[in-house]
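Residue numbers (numbering that gives the first Met the number 0), protein chains in the order written: chain A, 0 to 298; chain B, 0 to 606.
Just so it is clear, CB atoms sit at the ideal spot from N, CA and C, and this is done for glycine as well.
On a predicted model such as this, the values are computed, not experimentally measured, just so you know.
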Amino acid sequence: MLGLPEEFTPEFIARLDQLRIKTRREFAGLGKGTHLSPRRGSSLEFSDFRHYSDGDDFRYIDWGLYGRTDKLYIKLFKEEEDLLTYIFIDASASMGFPARDRKFESAVATALAIAYVALASGDRVMIRVIAGRGTPPPPAFVYGRHRIVELGRSLTAIRPGGEVDLAPALAREMVSIRRAGKVFLISDFMMLPNVATRGLGLFTAANMDVTAVQILGATELDGQGLNGDVEVVDAESGERVRVSIGQRERDRYRETLLRLAREIKVFCFRNGLHYTLYTTGVDFHDFFLRAVADLGLVH
Amino acid sequence: MGLLNAIGLLNPGALYFLAIVPALILAYLARERPRQATVSSVLAFRALHVMRGQRFGGRPRFTWTFFLELLALCLAVLAMAGPYLLKKGTPIAVVIDNSAAMQALTPAGKTRFDEAIAATNDALDRAGGGQVTVYLTAPQPHQLSGVIGGIGEAREAIARTKAVDAPDDPAALATLLGQLASDSHLGRIIFASYRSIAAPVPGRVVPIVVGQPIANYAIGSFALTRETFGAAALHARVTVANFSPSAQALTVTIAGDGKPIGTAQATVAPNAVAALEFPRLAPATIYRAQLDPSDGFTLDNTAYATGSAVKSVAVLFVSPTPADGASLRSIPGVSVATRAPNAYSPKDLANFDLAIFEYTVPKELPTVNALLVMPPPGDPVFKFTALSAPRVEVAGWPTTDPLTDAVNFRLLNFREGEYLGQHPWMRAVVAGNSGGLMLSGSRQGHRFVAAGFNPFPYLGRENLPMSILTLNVLGSLAGFGARTSGYRTGEPWMVPAGVTAIVLPSGHRESAQAGSLFSSVESQGLYELIGANGQQTPRAVNLADLTVSDLTNNPPISVPAVAAGAMPASSTVRAPLAAYVLAAIIVLIVFESLLVYRRRRTIEVSP
């Protein structure tokens with residue numbers, strides 16, 4: 000529909016309209032919005048007192064405080080601004096395997112759904128694609144829900160490819176980001192846990208509110224659909240390993256993958272990051288709407 | 000060196016095992032190749048088991064290690080087949096005389112041995128290729144380090160040999176030459192010596208005679224004796240020989256522990272031997288006799304002797320009546336310890352020079368010389384048979400035997416005693432009317448005397464004939480008068496009790512076991528016998544062979560007649576190659592191990 004993935008049905012979009020992004024801290028925005036900002040403004044959210052000075056608006060004098068202290072104080076309120084939302088999509092070669100799992104397509108759908116939620120809430124969205132083949136969206140914020148179509152067309156034209164070392168790649172992206180905001184990192188995290196946590200640590204060091212979305216394929220979890228004597232080739236590094244795969248090996252393989260995912264999850268929880276795992280075998284709508292809280296969204 | 004003509008196999012049937020090689024290759028080629036699959040990451044696959052083909056009992060991997068192992072397998076089969084190289088050449092036997100006489104100098108100033116080696120090398124060069132077997136003649140003919148591959152190796156082996164201080168055994172040498180001459184496989188037998196071979200010289204024998212008859216003055220023997228048993232002063236007797244065409248005044252100077260203590264001179268006629276007496280030599284540990292004038296054969300101009308005989312003689316007296324043994328303490332230089340028979344242990348003998356068993360016999364052969372007084376019959380060790388008599392009478396005795404020397408048996412009045420029956424390895428020295436009264440013999444290098452009468456207690460002058468007999472017996476058992484000429488080079492001797500190591504004159508130390516035969520006696524000089532407690536006892540070993548010293552008379556060696564065979568122009572020799580093939584297998588396995596180890600380390604190090 001309009002260049003958006005097939006998951007974007009009218010019913011789904013209607014459900015997305017009811018969501019907004021929730022942040023654990025306040026970020027300064029670029030314009031008026033619905034998220035509290037550290038700046039002082041005119042919202043209803045009280046922020047602080049200060050001594051009255053000439054020229055201050057009498058309407059903000061706290062008369063109750065004056066009666067108790069016989070001094071004039073002005074009430075200060077927080078500003079409400081839009082949220083700067085950054086969505087990073089891992090488009091390295093590993094996201095394309097196994098092909099039947101459509102991991103990258105799921106990642107794109109997730110990113111677009113999040114982007115729609117942000118745009119519909121009046122927030123600004125910047126989508127960055129790490130590696131991959133094709134023309135990524137320009138590195139600029141988009142504003143307004145109508146821009147989702149533009150983002151959809153741009154992302155669905157990208158194909159996974161290339162080798163990515165997550166931490167250095169994210170560090171390069173961080174150079175061009177001037178303002179803190181909400182970050183969504185969507186990847187399969189098929190890497191050593193310390194590599195993944197090093198990349199996530201870059202965002203926390205930059206005072207970002209981070210949500211890590213891990214996409215794993217259903218086939219991928221089941222021994223990548225392999226059986227018998229196989230020489231497996233790493234899609235990114237090209238490393239080859241000869242293995243004999245049976246049911247026992249598949250179980251061990253699944254345990255290993257889940258253990259790696261569990262390590263990333265533990266890191267996120269310990270560092271105040273949101274984390275959710277999407278397995279492509281599950282219906283996307285169910286996943287997204289059930290994982291609203293884990294994604295850092297709110298109704 | 001012979002030419003390589005062909006390669007042969009001792010066990011060609013082993014090559015049937017090579018049939019396994021194509022079977023293995025077929026198995027490798029026919030096996031299912033693993034399919035390739037691109038996956039998102041191999042991270043989790045690394046934790047899985049390796050492929051069945053890489054596991055024991057599974058299909059082997061189709062890698063370079065397979066071919067390496069296949070090559071090792073082929074080589075192993077080849078080694079089983081016993082490969083050899085066929086070399087053509089004439090096997091040569093080289094017999095080099097390395098006896099003491101080869102140390103004599105030639106007019107050119109070189110020793111006979113050096114000239115023999117040079118001449119042998121020339122003869123080998125002229126002989127051409129072939130395997131060489133080297134024999135040395137002294138102290139007994141023996142082969143030197145197996146069969147040697149070629150001339151070069153033979154020359155190196157010969158260059159490492161040296162002449163010894165021991166004489167050779169002419170009879171054994173003649174036997175060796177006869178055996179070699181009768182070996183039809185040998186093309187040539189080179190014999191280098193100062194002696195020639197008596198005609199007819201066997202056809203394949205090439206005699207090389209080095210040196211010429213030269214005049215020589217020699218010390219024949221240097222013997223120290225004690226005038227009487229237990230006396231401190233020593234009597235030295237040095238025999239000198241003059242092997243020259245004219246009479247010569249020969250002077251012998253004896254040094255005791257490095258200090259001159261006696262000189263004697265005698266004019267000796269040509270080819271005559273004279274004895275120089277040194278009646279009262281001061282006690283010393285080591286005596287060295289030096290002959291003047293010196294000559295071209297210096298080995299026999301010096302002789303050694305030791306004064307260890309002066310030390311007191313330790314006697315272990317095992318008897319139910321120990322008072323008999325205590326009487327021996329009145330003999331000068333004799334210390335006696337007594338034991339009851341049930342308290343005796345063979346280990347006690349380690350500290351004694353001789354043992355006396357009275358009315359008893361040990362349960363095993365003593366490791367020292369021993370006197371057995373009236374032994375009970377039927378023991379399992381000596382197996383004496385005895386006939387008891389209330390009065391025994393002497394029927395005869397030899398006057399020249401050291402045991403009976405100066406003993407007037409007619410004056411002896413034996414009371415009760417026993418006649419000893421015929422013994423398997425002891426002879427009767429004193430015969431009685433119904434059997435032997437005194438037997439003597441040696442076993443395992445030790446002397447044993449058995450008496451059918453009891454000479455104890457020792458009464459000294461009160462019973463002079465019996466005392467003389469007792470002293471003769473004890474003197475003989477303690478070593479006095481038995482080895483008048485001492486120990487000679489090339490003659491092995493029994494390692495005395497308590498000795499654990501022996502230091503040779505060269506300074507080399509060899510471990511020794513008491514009671515065993517010590518054969519490293521090729522050098523003239525002083526050997527230090529070292530006991531378990533570090534006590535050192537010198538022992539002199541001399542050439543003491545005037546036959547060797549007679550350098551003017553070199554009798555030819557008569558080689559036993561052999562059937563004259565045609566000299567083979569060349570023969571084919573098999574040089575086994577199995578050792579080289581096995582070495583190649585080991586190299587291959589080590590090479591593969593190193594590569595696999597390196598590869599495994601690379602995988603472990605990589606993240």
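### Query
residue 344(B): buried (16+ other C-beta within 10 angstroms of its C-beta) or exposed?
By the Cβ neighbour-count rule, residue 344(B) is exposed, with fewer than 16 other Cβ atoms within 10 Å of its own.
### Task
List the residues of chain B whose Cβ lies closer than 8 Å to the Cβ of residue 96(A), in chain order.
Within 8 Å Cβ-Cβ: 37, 38, 39.
### Query
Excluding the five sequence neighbours on either side, which residues of its own chain have a C-beta within less than 7 Å of the C-beta of residue 244(A), listed in chain order?
Cβ within range, chain order: 222, 225, 226, 227, 229.
### Task
Would you mind giving the Cβ-Cβ distance between residue 446(B) and residue 368(B), rounded to the nearest angstrom? I have them listed as a contact below 8 Å.
Beta-carbon to beta-carbon, residue 446(B) and residue 368(B) are separated by about 4 Å, close enough to satisfy the 8 Å threshold.
### Query
What does residue 286(B) pair with, by DSSP beta-bridge criteria?
The partner list for residue 286(B) (beta bridge, DSSP) reads 255(B), 304(B).
### Query
Alpha carbon to alpha carbon, how far is residue 20(B) from residue 35(B)?
If I take the Cα positions, the gap works out to 29 Å.
### Task
Taking only beta-carbon positions, decide if residue 26(B) is within less than 8 Å of chain A.
No, its Cβ sits nowhere closer than 8 Å to a Cβ of chain A.
### Task
Using a Cβ-Cβ cut-off of 8 Å, state whether residue 251(A) counts as contacting chain B.
The beta carbon of residue 251(A) sits closer than 8 Å to some beta carbon of chain B.
### Task
Tell me whether residue 62(A) is buried or exposed, calling it buried when 16 or more other Cβ atoms sit within 10 Å of its Cβ.
Burial call: exposed.
### Query
Residues in its own chain within less than 6 Å of residue 219(A) by CB, not counting five upstream and five downstream?
Within its own chain, the residues whose Cβ lies closer than 6 Å to the Cβ of residue 219(A), once the five positions on either side in sequence are excluded, are 97, 100, listed in chain order.
### Message
Just checking: is the beta-carbon of residue 44(B) within a distance shorter than 8 Å of some beta-carbon in chain A?
### Response
It does; some Cβ of chain A falls within 8 Å.
### Message
As a quick exercise: from 15(B), 305(B), 218(B), pick the residue whose alpha carbon is nearest that of residue 546(B).
### Response
Comparing Cα-Cα distances from residue 546(B) to each of 15(B), 305(B), 218(B), the minimum goes to 218(B).
### Query
Is the number of C-beta pairs between the segment 40-47 of chain B and the segment 264-277 of chain A that are closer than 8 Å three or more?
No, they do not touch.
### Task
Locate the alpha helix (DSSP H) running through residue 285(A), then write down its first and last residues.
First-last of the alpha helix (DSSP H) with residue 285(A): 283-289.
### Task
With 8 Å as the threshold, decide whether the Cβ of residue 242(A) is near any Cβ in chain B.
Yes - at least one Cβ of chain B is within 8 Å of the one on residue 242(A).
### Query
How about residue 133(B) and residue 157(B): are their beta carbons less than 8 Å apart?
Yes, the Cβ-Cβ distance between residue 133(B) and residue 157(B) is below 8 Å.
### Task
Output yes or no for whether 8 Å exceeds the beta carbon distance between residue 9(B) and residue 92(B).
No. Outside cutoff.
### Query
Quick one: any contact between the segment 78-93 of chain A and the segment 156-169 of chain A, if contact means 3 or more CB pairs under 8 Å?
Yes: the two stretches touch, three or more of their Cβ pairs being nearer than 8 Å.
### Task
Could you pull out every residue in the same chain whose Cβ sits closer than 7 Å to the Cβ of residue 103(A), ignoring the five residues on either side in sequence?
Hits under 7 Å: 90, 94, 95, 159.
### Where residue 495(B) sits in the DSSP three-state scheme
In the structure shown, residue 495(B) falls within a coil segment according to DSSP collapsed to helix, strand and coil.
### Query
Under the criterion of a Cβ to heavy atom distance below 7 Å, does residue 45(B) qualify as lining the ligand HEM?
You won't find the ligand HEM in this model; it holds no ligand whatsoever.
### Query
So, helix, strand or coil for residue 45(B), using DSSP?
In the structure shown, the three-state DSSP call for residue 45(B) is helix.
### Message
Less than 8 Å between CB atoms is the rule here; does residue 601(B) satisfy it with respect to chain A?
### Response
Caution applies to residue 601(B), whose pLDDT of 48 falls short of 50 and renders its modelled position unreliable; the value that the coordinates give is listed next. So, not an interface residue.
### Task
Using beta-carbon positions only, say whether residue 3(A) and residue 116(A) come within less than 8 Å of one another.
For residue 3(A) and residue 116(A), no; Cβs fall outside 8 Å.
### Message
Only counting the same chain, and skipping five residues up and downstream in sequence, which positions put a Cβ closer than 8 Å to that of residue 203(A)?
### Response
Closer than 8 Å at Cβ, skipping near neighbours: 209, 270, 271, 272.
### Environment of residue 12(B) [buried if 16+ CB atoms lie within 10 Å]
Classification for residue 12(B): exposed.
### Task
Give a yes or no on whether 8 Å exceeds the smallest Cβ distance from residue 164(A) to chain B.
Answer no: the Cβ-Cβ gap between residue 164(A) and chain B never drops below 8 Å.
### Identity of the residue in 435(B), 415(B), 449(B), 15(B) nearest residue 354(B) by Cα
For residue 354(B), the nearest C-alpha among the options comes from 449(B).
### Query
Quick one, are the C-beta atoms of residue 167(B) and residue 137(B) less than 8 Å apart?
Residue 167(B) is a Cβ neighbour of residue 137(B), given a cutoff of 8 Å.
### Own chain residues within Cβ distance below 6 Å of residue 408(B), not counting five before or after
If you ignore the 5 residues before and after residue 408(B), its C-beta comes within less than 6 Å of the C-beta of 393, 396, all in its own chain and listed in chain order.
### Message
For chain B, check one thing: does any of its Cβ atoms lie closer than 8 Å to the Cβ of residue 105(A)?
### Response
For residue 105(A), the answer is no, since every Cβ of chain B falls outside 8 Å of its Cβ.
### Query
If you draw a straight line from the C-alpha of residue 198(A) to the C-alpha of residue 188(A), how long is it?
Roughly 10 Å between the two C-alpha positions.
### Per-residue burial, residue 516(B) [other beta carbons within 10 Å of its own, 16 or more giving buried]
So residue 516(B) counts as exposed.
### Message
Taking 8 Å as the threshold (beta carbon to beta carbon), is residue 279(A) in contact with chain B?
### Response
The Cβ of residue 279(A) sits no closer than 8 Å to any Cβ of chain B.
### Message
How far does the alpha helix (DSSP H) with residue 102(A) in it extend, from its first residue to its last?
### Response
Annotation: the continuous alpha helix (DSSP H) that includes residue 102(A) extends over 102-119.
### Query
Can you name, in chain order, every residue of its own chain whose Cβ lies under 6 Å from the Cβ of residue 107(B), other than the five neighbours on each side?
Excluding sequence positions up to five before and after residue 107(B), its CB lies less than 6 Å from no other CB in the same chain.
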